[in-house]
Amino acid sequence: MTDTIEIGGRTYRYTRVIEAQVFICDYARRNNGIPPTTRTIAKELDISQTRVQYLMGRLDALGLISFMPDHGHTYRVIESIWEPPPYVDL
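As numbered in the working numbering, residues 153 to 242 make up the sequence shown, in order.
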């Protein structure tokens, strides 16, 4: 594993915060854009849900995720794009 990672044109030290971001993005990619719950992140990273909430607060402060207004813990990954399936005509 490298000591740094580039996200959105910025270089970050590879920390638990970035490890959470990488997992969130990978999970969403594998699940049609749906990001994981805090419980899923906690289980994958082997940390408490409280720690996950802290890490997500840091991701929000870094501008890598944003919480949806009036939707509690619902969040989205910044600079990600959801694309409809090719068989749906929108």
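We treat Cβ as the ideally placed atom computed from N, Cα and C, and that holds for glycine.
Residue i versus the options, residue with shortest Cα-Cα distance
{"i": "Q205", "options": "A172, N184, G161 and D155", "result": "A172"}
{"i": "T226", "options": "E158, T163, I186 and C177", "result": "I186"}
{"i": "P238", "options": "G160, N184, V169 and I170", "result": "N184"}
{"i": "T189", "options": "F219, S232, D155 and T156", "result": "F219"}
{"i": "R228", "options": "E196, K195, Y164 and Y179", "result": "Y179"}
{"i": "I230", "options": "I199, V174 and T156", "result": "V174"}
{"i": "D198", "options": "R182, R181 and R168", "result": "R168"}
{"i": "D212", "options": "I170, R165 and E158", "result": "I170"}
Beta-ladder partner(s) of residue i, from DSSP
{"i": "I217", "result": "V229"}
Helix, strand or coil at residue i according to DSSP, with G and I counted as helix
{"i": "T190", "result": "helix"}
{"i": "G185", "result": "coil"}
{"i": "D198", "result": "coil"}
{"i": "D222", "result": "coil"}
{"i": "Y206", "result": "helix"}
Same chain, Cβ closer than 7 angstroms to residue i, five either side skipped, listed in chain order
{"i": "R191", "result": "Q201"}
Residues near residue i by beta carbon distance below 8 angstroms, same chain, minus five either side
{"i": "S232", "result": "C177, A180 and G185"}
*Ignoring anything shorter than 4 residues or poking outside the stretch 156-181, list the alpha helix (DSSP H) runs there in chain order.*
none
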